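Protein chains in written order, with our numbering: chain A, 16 to 340; chain B, 5 to 351.
Here a beta-carbon is modelled for each residue, glycine too, at the ideal position from N, C-alpha and C.
Since we're looking at a predicted model, the values are computed, not measured.
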Amino acid sequence: MSALLEITGLRTHFNTRAGVVRAVDGLDLRVAAGEIVGIVGESGSGKSVASFSVLGLVDPPGRIVAGSIRFRGEELVGADPARLRRLRGREIAMIFQDPLMTLTPVLRIETQMVEAIRAHERVSAKAARVRAIEALARVGIPAPAERIRAYPHQFSGGMRQRVAIAIALLHSPALILADEPTTALDVTIQGQILYEMQRLVAETGAALVWVSHDLAVVESLADRVCVMYAGRIVEEGPAARVVAAPAHPYTRGLLDSLPGGALAGARLRQIPGMTPSLLDLPPGCPFAPRCPIAAPACASEPPIVAIAPGRTARCHAPLVREEAA
Amino acid sequence: MRGLATAPVPAPQAAAAPPHLEVRGVTKHFVRRPDIVERVAIALGLVEPPPVLRAVDGVSFAVARGEALGLVGESGCGKSTLGRILAGVHAKTGGDFLFEGVEEAGWDAARANRARLEVQMIFQDPMSSLNPRKRIGAAIGEAPVAHGLVSRRERDDLVAGLMREVGLDPSYVRRFPHQFSGGQRQRIGIARALAVSPAALVCDEAVAALDVSIQAQILNLFMDLRERRGLTYLFISHDLGVVEHLTDRVAIMYLGRIVEIGPTREIFARPAHPYTSALLAEAPRVGQGRRVYAPLTGEIPSPLAPPPGCAFHTRCPRAFARCREEAPALKDVAPGRAAACHLDDRA
Chain A
16 MSALLEITGL
26 RTHFNTRAGV
36 VRAVDGLDLR
46 VAAGEIVGIV
56 GESGSGKSVA
66 SFSVLGLVDP
76 PGRIVAGSIR
86 FRGEELVGAD
96 PARLRRLRGR
106 EIAMIFQDPL
116 MTLTPVLRIE
126 TQMVEAIRAH
136 ERVSAKAARV
146 RAIEALARVG
156 IPAPAERIRA
166 YPHQFSGGMR
176 QRVAIAIALL
186 HSPALILADE
196 PTTALDVTIQ
206 GQILYEMQRL
216 VAETGAALVW
226 VSHDLAVVES
236 LADRVCVMYA
246 GRIVEEGPAA
256 RVVAAPAHPY
266 TRGLLDSLPG
276 GALAGARLRQ
286 IPGMTPSLLD
296 LPPGCPFAPR
306 CPIAAPACAS
316 EPPIVAIAPG
326 RTARCHAPLV
336 REEAA
Chain B
5 MRGLATAPVP
15 APQAAAAPPH
25 LEVRGVTKHF
35 VRRPDIVERV
45 AIALGLVEPP
55 PVLRAVDGVS
65 FAVARGEALG
75 LVGESGCGKS
85 TLGRILAGVH
95 AKTGGDFLFE
105 GVEEAGWDAA
115 RANRARLEVQ
125 MIFQDPMSSL
135 NPRKRIGAAI
145 GEAPVAHGLV
155 SRRERDDLVA
165 GLMREVGLDP
175 SYVRRFPHQF
185 SGGQRQRIGI
195 ARALAVSPAA
205 LVCDEAVAAL
215 DVSIQAQILN
225 LFMDLRERRG
235 LTYLFISHDL
245 GVVEHLTDRV
255 AIMYLGRIVE
265 IGPTREIFAR
275 PAHPYTSALL
285 AEAPRVGQGR
295 RVYAPLTGEI
305 PSPLAPPPGC
315 AFHTRCPRAF
325 ARCREEAPAL
335 KDVAPGRAAA
345 CHLDDRA
């Protein structure tokens with residue numbers, strides 16, 4: 016199966032006065048057409064920088080220093096900015112946590128959507144407006160023909176995110192990168208947005224990369240989950256399997272940290288310490304200083320171990336091993 | 005493993021002692037103050053006066069000493085405003101606040117002082133309550149000196165002790181807030197609240213901004229403090245997992261009112277109010293696998309113009325005629341449990 020998106024050995028570094036911040040440091044990721052992939056990680060794990068890198072949206076002092084990003088076989092690292100601009104919004108769309116990153120506050124939704132359509136297609140303003148209204152209706156905005164005349168501040172947070180999603184879907188992109196799009200929303204609103212996303216992805220056949228800190232949301236949505244720590248993927252596999260039997264001690268720690276459920280009231284098994292500074296990562300496994308089962312071997316670079324078909328962990332001593340077949 | 009939620013908690017009505025904190029029919033209204041031109045126009049009847057936002061609209065509940073009550077709801081439901089009224093940050097518009105069973109009107113100077121000092125608040129973003137130019141030792145030690153709880157000389161020992169208690173290295177006492185991570189800053193916020201020896205903590209989304217692994221550390225700290233100091237908690241959160249983990253009882257709020265209140269475990273197992281059911285159903289949980297989300301139902305009302313009748317009827321899958329006309333009262337549905345829903349009358 017050929018991949019829609021194929022990232023190999025991606026390194027995005029930020030040269031700061033304090034030193035080199037290795038935000039993404041050796042990322043490998045494949046996304047097939049129509050697939051839903053979840054990327055889970057805490058702040059500073061590099062999950063957002065990774066998705067920004069795909070779109071060429073990393074601002075200086077950030078720079079892709081190594082690796083390749085192929086979209087339908089076409090290399091995006093070092094590609095012509097004009098080419099990237101044609102891809103962005105048309106073939107690859109992005110949804111941000113804060114919809115105001117997509118929307119300008121000073122223009123009506125209508126102006127912004129019509130412009131977004133006509134940036135990529137030669138259509139009349141009238142035809143573009145009709146399509147914009149259709150797009151708003153598709154994401155569940157009531158009375159779209161009237162609401163399109165509104166400014167972003169006249170929408171609630173959930174409605175604004177729907178507008179951002181409608182814009183992302185205008186050109187039926189093959190790949191949607193969603194960076195924490197429901198994090199700022201209430202649970203019932205989040206449920207509605209997740210419903211719309213599920214439906215739209217199923218209808219259009221777009222591939223979706225859902226970046227989030229929330230393991231539960233990712234599990235409910237994704238076919239495959241990638242857990243990121245300190246700029247690289249430490250575990251990857253089918254979402255349900257990873258949650259049921261995590262192989263990497265960090266994934267185990269994340270799951271144990273979640274409050275609620277059967278053990279409510281008991282002490283949580285916290286991960287000691289805090290996320291490492293990306294300025295001076297320890298050699299070897301970056302999780303070793305916080306790992307409950309760290310061994311001397313962890314001072315060397317951990318290998319990528321195959322746990323089961325389609326499941327890998329970057330660990331010297333994964334918690335589960337491939338069952339003898 | 006010691007279960008904190010299973011610790012014996014005296015039921016408010018059964019215990020001889022009055023509840024630690026209690027509110028009766030508390031309301032808080034916010035009105036935008038019209039400017040002079042608008043006031044003239046209103047006086048002449050040319051424009052309508054600005055609408056009243058009923059952030060908290062007649063809320064009653066009691067918290068026993070040492071009990072942890074969760075306050076759950078979505079943005080704009082009034083849970084933070086209610087917490088601030090209890091912590092003395094906001095003045096209430098109406099209703100009663102009882103401290104140790106005594107109404108505010110009956111407080112003498114000593115009790116008024118205690119009601120203020122003994123209920124402390126912890127905010128979501130500790131950075132917004134810390135002066136960035138003040139060393140954290142000074143920030144933690146300021147209030148107890150100002151209130152005459154310790155002398156200036158004893159202050160350093162108190163600060164060092166508090167820092168150890170919340171898991172901060174006392175050698176950091178001369179650092180500034182920006183030199184700490186988010187989790188450490190929240191520990192500073194907690195140490196600062198503990199400095200005046202409170203009996204109750206109002207935690208307003210205190211772990212919402214933290215990463216999962218750091219959040220677990222702070223939740224453990226809250227549980228340790230409760231055990232060590234016998235604190236009463238009002239835990240305000242939109243995160244159902246956090247509330248389930250930490251609280252004995254929970255109150256669910258919707259548009260300024262409590263729609264359901266009762267023991268946390270029972271409500272999570274068998275919600276009585278349709279809104280509680282919806283909240284629990286929508287919140288994804290780890291281990292549930294893939295799921296199909298349900299479509300949009302109903303319109304989310306504005307707190308400026310709440311719908312007539314039950315505020316939830318616009319989104320309620322089981323609403324009937326009466327829900328659109330008459331607001332349901334909060335009434336007992338089981339021992340220690342109450343819900344505000346007309347469906348309970350039909351059964």
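Proximal chain A residues relative to residue i, where beta-carbon distance stays under 8 Å
i	result
B:D215	E57, S58, H228, T290
B:E78	D201, V202, T203, I204
9 Å Cβ cut-off: residues of chain B touching residue i
i	result
A:A231	G245, A287, P288, R289, V290, G291, Q292
A:V121	Neighbours of A:V121 on chain B: none; closest Cβ ~24 Å, over 9 Å.
Test: residue i CB closer than 8 Å to a CB of chain A
i	result
B:A261	The sequence shown places Arg at residue 261 of chain B, not Ala. Cβ-Cβ to chain A under 8 Å: no for B:R261.
B:V296	yes
B:M131	no
B:H277	no
B:H242	yes
B:A344	no
B:A212	no
B:Q221	yes
B:L73	no
B:A282	yes
B:N117	no
B:V13	Caution applies to B:V13, whose pLDDT of 46 falls short of 50 and renders its modelled position unreliable; the model cannot decide the point.
B:N224	yes
Beta-carbon neighbours of residue i, restricted to chain B and to distances below 8 Å
i	result
A:L269	V216, S217
A:Q213	V296, Y297
A:A255	G293, R294
Neighbour list for residue i in chain A, Cβ cutoff strictly below 7 Å
i	result
B:C234	Reading the sequence as shown, one finds Gly at residue 234 of chain B and not Cys. Under the 7 Å cutoff, chain A gives no residues; its nearest Cβ is about 16 Å from B:G234.
B:G187	M289
B:M227	R282
Residue i beta carbon near the ligand MG (any heavy atom closer than 7 Å)
i	result
B:A143	Because no ligand of any kind appears in the structure shown, any question about the ligand MG cannot be addressed here.
Below-8 Å beta-carbon distance, residue i vs any chain B residue
i	result
A:Y166	no
A:I286	yes
A:Y410	No statement about residue 410 of chain A is possible, as the shown extent of chain A runs from 16 to 340 and does not include it.
A:S139	no
A:S272	yes
A:G49	no
A:S235	yes
A:G34	no
A:G275	yes
A:V64	no
A:V258	yes
Short CB-CB distance (under 8 Å) between residue i and chain E
i	result
A:S187	Reference to chain E is not applicable here, since the protein chains of this structure are A and B.
Proximity of residue i and residue j at Cβ, strictly below 8 Å
i	j	result
B:P22	B:E104	yes
A:A38	A:L19	no
B:A244	A:G275	Per the sequence presented here, residue 244 of chain B reads as Leu, with Ala not at that position. Yes, the Cβ-Cβ distance between B:L244 and A:G275 is below 8 Å.
B:L238	B:L73	yes
B:H249	B:V263	no
A:I84	A:L25	yes
A:L294	A:A245	no
A:P76	A:T31	yes
A:E211	A:G155	yes
B:V121	B:V200	The sequence as given places Leu at residue 121 of chain B; Val does not occur at that position. Closer than 8 Å, so yes.
A:G82	A:T23	yes
Residue from the options with nearest C-alpha to residue i
i	options	result
A:R305	A:P264, A:L283, A:A323	A:P264
A:A314	A:P324, A:V36, A:H331, A:R326	A:H331
A:T327	A:P297, A:G288, A:C241	A:C241
A:R267	A:L115, A:E21, A:L334, A:E125	A:L334
A:P167	A:R85, A:M116, A:M289, A:R101	A:M116
A:R87	A:V69, A:H228, A:P307, A:A237	A:V69
B:P55	B:A285, B:V216, B:R36, B:R294	B:R36
B:G98	B:G87, B:G29, B:I144	B:G29
A:I124	A:G280, A:R177, A:A199	A:R177
B:F180	B:L134, B:E209, B:V170	B:L134
Under 7 Å by beta carbon: chain B residues contacting residue i
i	result
A:L209	Y297
Open item on the list: Can you confirm whether the region 235–253 of chain B touches the region 258–265 of chain A when touching is taken to mean that 3 or more C-beta pairs between the two stretches lie within less than 8 Å?
Closed with: Using a C-beta cut-off of 8 Å, the region 258–265 of chain A makes no contact with the region 235–253 of chain B, since fewer than three inter-stretch Cβ pairs fall below that distance.
TODO: Mind the definition here: the region 189–204 of chain B touches the region 124–141 of chain B only if three or more C-beta pairs lie below 8 Å; say whether that holds.
DONE: Yes: the two stretches touch, three or more of their Cβ pairs being nearer than 8 Å.
Open item on the list: Does the structure place the region 124–133 of chain A close enough to the region 145–156 of chain A that three or more beta carbon pairs sit under 8 Å?
Closed with: Judged by Cβ distances under 8 Å, the region 145–156 of chain A makes contact with the region 124–133 of chain A, as three or more pairs qualify.
Task: Validate contact between the region 40–59 of chain B and the region 224–234 of chain B using beta carbons, cut 8 Å, 3 pairs - done: They do not touch, by the three-pair rule.
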